[in-house]
Amino acid sequence: MKRAALFDVDGTLVDTNYLHTTAWAEALRQCGHHIPMAAVHRAIGLPSVDLIEHLTGKTPDDETKTQLSAAHKALYAPYFERLHAFHDAARLLRTLAGKGWVIVLVTSASGEELEALRRAIDADDVIAQTASADDVDEGKPAPDPVHKALGLVGAPAEGSVFVGDSVWDVRAAGQAGIPCVALLSGGIPRAELEEAGAAVVYQDTADLLDRLDESPLRVREDQLNESPSGAREESTVSGQDETVGEQDETPEAVPDDNLETGLGQGGDDTDGPEHPVPGGELPQGPGERAEAVPRDLPDQQAREGDPWDLHEPGTSSEDDAAPGPGDSGTDSGEEAGPEGAQSEQPKPDEPSA
Numbered sequence: 001m002k003r004a005a006l007f008d009v010d011g012t013l014v015d016t017n018y019l020h021t022t023a024w025a026e027a028l029r030q031c032g033h034h035i036p037m038a039a040v041h042r043a044i045g046l047p048s049v050d051l052i053e054h055l056t057g058k059t060p061d062d063e064t065k066t067q068l069s070a071a072h073k074a075l076y077a078p079y080f081e082r083l084h085a086f087h088d089a090a091r092l093l094r095t096l097a098g099k100g101w102v103i104v105l106v107t108s109a110s111g112e113e114l115e116a117l118r119r120a121i122d123a124d125d126v127i128a129q130t131a132s133a134d135d136v137d138e139g140k141p142a143p144d145p146v147h148k149a150l151g152l153v154g155a156p157a158e159g160s161v162f163v164g165d166s167v168w169d170v171r172a173a174g175q176a177g178i179p180c181v182a183l184l185s186g187g188i189p190r191a192e193l194e195e196a197g198a199a200v201v202y203q204d205t206a207d208l209l210d211r212l213d214e215s216p217l218r219v220r221e222d223q224l225n226e227s228p229s230g231a232r233e234e235s236t237v238s239g240q241d242e243t244v245g246e247q248d249e250t251p252e253a254v255p256d257d258n259l260e261t262g263l264g265q266g267g268d269d270t271d272g273p274e275h276p277v278p279g280g281e282l283p284q285g286p287g288e289r290a291e292a293v294p295r296d297l298p299d300q301q302a303r304e305g306d307p308w309d310l311h312e313p314g315t316s317s318e319d320d321a322a323p324g325p326g327d328s329g330t331d332s333g334e335e336a337g338p339e340g341a342q343s344e345q346p347k348p349d350e351p352s353a
């Protein structure tokens, strides 16, 4: 049976919610509507017409709708080439695809905006389909986009999971009968996501990836043996492609129990370094909600290439070596280090003249 992992895009995979907030607030101001930024922010994720109606309190006529949509596009489009995906967003998608999930994007974006978002995510090799605003008559929080996404890949609601960042995502998933994993990366408070019905809440894509095996997206061992039609036979792990055929040609065969537990496909034994979650307890199942965990600081993330390297940039372990025999351990009057001070030197019988 196919298992579909449905992903919202804005605020979930790509850091765009606040760009949309400022663009919509300015577009509304230009048309005579002064809406607080906080209210605009909470409306992000709705289709354009629904967002306008939600914020202004009335259904826009064709002229108003066209004017506001054009103003928003003009204000937001300059960011298209500067959009950034959240940390580990692409890696999360590839890890799930390697575990047999069929990846589908579910978004209100379309056209050039959707193309810019997919470029930012940079994981087209594992994205099976995209359900956009152009594909349905009614957008989130109606279940239509979710039903459309499931239909595109022939996956049932049972066993599928939705990942989003807004109350609109949570409500749409709930009406479609699938659990929603909510992320705080879109800026919506945990309490609002939980009240809307989120199954569990994580900080962002990196946090979800770190705690994948305790989330609704965890995969049981019996599911790893399934080969649903349409699933990719080639998976990417830590930037390298591994195929079943290549594994068969390896002189030393990989033990079957490793294959069943998903080692080398985004599990504990991936090639790339993992970021352990600092503090807190891991959730025991999909029914419990994870506590928000702060991410590693940027300077720590920059050391990702070698997490065990404790030296400052520009130094090496050679700088810490103790002075050898005959070395004074000092330079231009500087005091010798502790190791240098403990070096044994022959004691002269008579003091030097």
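Here the sequence shown is numbered in the UniProt record's numbering, starting from 1 and rising by one per residue.
Glycine included, every Cβ here is placed at the ideal spot set by N, Cα and C.
Here the alpha carbon of residue 93 sits roughly 16 Å from the alpha carbon of residue 131. Rounded to the nearest angstrom, the gap between the Cα atoms of residue 201 and residue 184 is 7 Å. Per DSSP, reduced to three states, the secondary structure at residue 205 is helical. Burial state of residue 99 is buried, judged by a 10 Å Cβ sphere holding 16 or more other Cβ atoms.
For residue 94, there is no enclosing beta strand (DSSP E); the residue is found in the alpha helix (DSSP H) stretching over 89 to 98.
Contiguous alpha helix (DSSP H) elements confined to the region 64 to 142 occur at 89 to 98, 111 to 121, taking only those with 4 or more residues. Annotation for residue 126: 93, 94, 97, 103 place their beta carbon closer than 6 Å to its own, counting only its chain and skipping 5 residues before and after. DSSP places residue 164 outside any alpha helix (DSSP H); the residue lies instead in the beta strand (DSSP E), whose first and last residues are 161 to 164. Contact check between the region 186 to 206 and the region 66 to 84: fewer than three CB pairs, one atom from each, fall below 8 Å, which does not count as touching. Note on residue 113: 16 or more other CB atoms within 10 angstroms of its CB, so buried under the neighbour-count rule. Cβ contact annotation for residue 5 (same chain, cutoff 6 Å, sequence separation greater than five): 96, 101, 103, 161, in chain order.
Contact between residue 178 and residue 157 holds: CB atoms are separated by about 5 Å, below the 8 Å threshold. In the structure shown, residue 4 falls within a strand segment according to DSSP collapsed to helix, strand and coil. Nearest in C-alpha terms to residue 68, of all of 23, 82, 42, is 23. Closest in C-alpha terms to residue 90, from the list 41, 71, 13, comes 13.
In this structure, the alpha-carbon of residue 204 lies about 8 Å from that of residue 86. Residue 7 and residue 29 have their C-alpha atoms roughly 31 Å apart. Taking C-alpha positions only, residue 208 is separated from residue 164 by approximately 12 Å.
With a threshold of 16 other beta carbon atoms within 10 Å, residue 59 falls short and is exposed.
The alpha-carbon separation between residue 11 and residue 180 amounts to approximately 15 Å. Here residue 82 is exposed, its C-beta having fewer than 16 other C-beta atoms within 10 Å.
The beta carbon of residue 149 sits closer than 6 Å to the beta carbons of 6, 104, 106, 131 from its chain, once the five residues preceding and following it are set aside; these are given in chain order.
In the structure shown, the three-state DSSP call for residue 219 is coil. Taking C-beta separations shorter than 7 Å and ignoring five residues to either side along the sequence, the partners of residue 152 in its chain run 104, 129, 131, following chain order. Judged by their CB atoms, residue 9 and residue 109 are nearer to each other than the 8 Å cut-off.
Contact annotation: residue 116 and residue 146 have beta-carbon atoms that are not nearer than 8 Å.
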